[in-house]
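**Student:** If you scroll down you'll find the structure; I have some questions about it.
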Amino acid sequence: MLARVFAVCAYLIGIAGAGFFFIYVIGMGTGHWPRPEESNLSGDWGHNLLLLLLFAFQHSGMARRRFKQRLGVLARSFYVAASGIVLTALVLFWQPLPGEPLWQGPTWIVGISLIAAALTGCCVWRFDHASFLGLTQVWTGRAEIPTPLCIDGPYRYVRHPLMLGFLIAIWTQPIMWPELAMMNAGMTIYVLIAIELEERDLVEEFGEAYGTYRRRVPMLIPWKWW
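As C-alpha cells, then:
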C-alpha cells in the first residue's frame, strides 16, 4: 500500500516539476517571468553550471541498470520523483546573467514551443505514460515492463521525437535572455549525450532490429522531409 502511495506521489511530483520547468521557459521567453536587471556574471555562471551538472548526474545516474536493480519496482518512481524535484530546484535557484537578449522576435513564436511541448507529451503517452512514470511497475510488481520497439507514428521520421519536441520547445522562444540560452544550451548538450547512452541500451535490448531502424531513420532531424 505504501509503495502505491509513493508511486502516485512520485507521479504527481514528476508531472509538476516538468510543468513548472516549461512554465519558466515560456515565461522567460515571453517576458512574463520576473527578472532583476543586474547580476554577477562570474558567480552566476558557475552557480548555474553546478545546477546543470546536478540535473545531468541525477538523470543519467538514476537511469543506469545498476540503480534500477537495487530499487526494484520502485526504481522508476524514485527516478520520476527525483527528476521533478531537480527540475523544480533548477528553476528556483537558476540565476540571471547580465547582457541583452540574444534575440527578440514576435510573440507568436511561442506557439511553436507549445506545439512542440504537446508533441513531447504525445510521445510520452505513446510509451504508456503509467509505465513511463513508474505506476505500472508498482501496481504489477514487475520492475521491468517489456515494451515493443516503437517505429510508427512520429518514430517513422526520427528516432527520438520526444527529445526533438523538447529541444524545439525550449529554443523557440520570442526572447532569448542569456540565462535562458545557458540553460537551453546545457539541456541540449545533455540530450545529445543521453541519446548516445540510450541507443547503446536499445541496441543491447533489440539487437539487429534496432540497428536496421537506426540505419533507416535519422536521429533528430528528418532530412528526408526537407
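Numbering (our numbering), first residue to last: 1178 to 1403.
No residue lacks a Cβ here, since even glycine has one placed at the ideal position from N, Cα and C.
Taking 6 Å as the limit between beta carbons, can you name the residues of its chain near R1336, skipping five residues before and five after?
**Tutor:** If we look at R1336 and ignore the five residues flanking it on each side, its Cβ neighbours are V1394 and M1396.
**Student:** Any idea what DSSP makes of Q1272, helix, strand or coil?
**Tutor:** DSSP places Q1272 in coil when its eight states are reduced to three.
**Student:** Would you give the residue range spanned by the alpha helix (DSSP H) that W1348 belongs to?
**Tutor:** P1338 to W1348 is the extent of the alpha helix (DSSP H) around W1348.
**Student:** Since V1257 and L1310 are thought to touch, with beta carbons under 8 Å apart, how far apart are those beta carbons, to the nearest angstrom?
**Tutor:** Yes, they are in contact, since the Cβ atoms of V1257 and L1310 sit about 5 Å apart, within 8 Å.
**Student:** Nearest to C1327 by CA position, among A1266, A1386 and T1365, is which residue?
**Tutor:** Nearest of A1266, A1386 and T1365 to C1327, Cα basis: A1386.
**Student:** What did DSSP end up calling I1352 once you bin it into helix, strand or coil?
**Tutor:** Of the three classes helix, strand and coil, the one that applies to I1352 here is strand, per DSSP.
**Student:** Rank L1341, Y1390 and W1222 by C-alpha distance to the C-alpha of I1372 and give the top, closest one.
**Tutor:** Looking at the Cα atoms, L1341 is the closest of the given residues.
**Student:** Can you check whether the CB of A1293 is closer than 8 Å to the CB of I1345?
**Tutor:** Their beta carbons are under 8 Å apart, which means I1345 touches A1293 by this criterion.
**Student:** Taking only the alpha-carbon atoms, compute the straight-line gap between G1363 and L1229 and give it to the nearest angstrom.
**Tutor:** Distance between the alpha carbons of G1363 and L1229 is about 6 Å.
**Student:** Given this structure, state the Cα-to-Cα distance separating S1290 from T1297, to the nearest angstrom.
**Tutor:** Rounded to the nearest angstrom, the two C-alpha atoms are 11 Å apart.
**Student:** Determine the extent of the alpha helix (DSSP H) in which Y1201 is found, giving its start and end residues.
**Tutor:** Element bounds for Y1201: L1179 to T1207.
**Student:** Please name the residue, chosen from S1254, C1300 and F1383, that lies closest to A1187 on a Cα-to-Cα basis.
**Tutor:** It is S1254.
**Student:** Near F1343, which residues of its chain fall below 6 Å by C-beta distance, leaving aside the five closest residues on each side in sequence?
**Tutor:** Cβ neighbours of F1343 beyond the five flanking positions: T1297.
**Student:** Report yes or no: do the stretch 1259-1279 and the stretch 1188-1196 share at least 3 C-beta pairs separated by less than 8 Å?
**Tutor:** Flag = yes, the stretch 1259-1279 and the stretch 1188-1196 touch.
**Student:** Taking 6 Å as the limit between beta carbons, can you name the residues of its chain near I1286, skipping five residues before and five after?
**Tutor:** Only T1349 and P1351 meet the Cβ criterion.
**Student:** Buried or exposed: which applies to V1182, given that a residue is buried once 16 or more other Cβ atoms fall within 10 Å of its Cβ?
**Tutor:** Label assigned to V1182: exposed.
**Student:** Under 8 Å by Cβ, that's how I've got L1357 and V1202 pegged, so tell me the actual separation to the nearest angstrom.
**Tutor:** That belief holds up - the Cβ atoms of L1357 and V1202 are roughly 7 Å apart, short of 8 Å.
**Student:** Would you check if the distance between the CB atom of R1391 and the CB atom of E1376 is smaller than 8 Å?
**Tutor:** Contact flag set, yes.
**Student:** With a 10 Å radius around its C-beta and 16 neighbouring C-beta atoms as the bar for buried, classify W1280 as buried or exposed.
**Tutor:** W1280 should be labelled exposed.
**Student:** Is the CB-CB distance between V1380 and V1315 below 8 Å?
**Tutor:** Their beta carbons are not under 8 Å apart, which means V1380 does not touch V1315 by this criterion.
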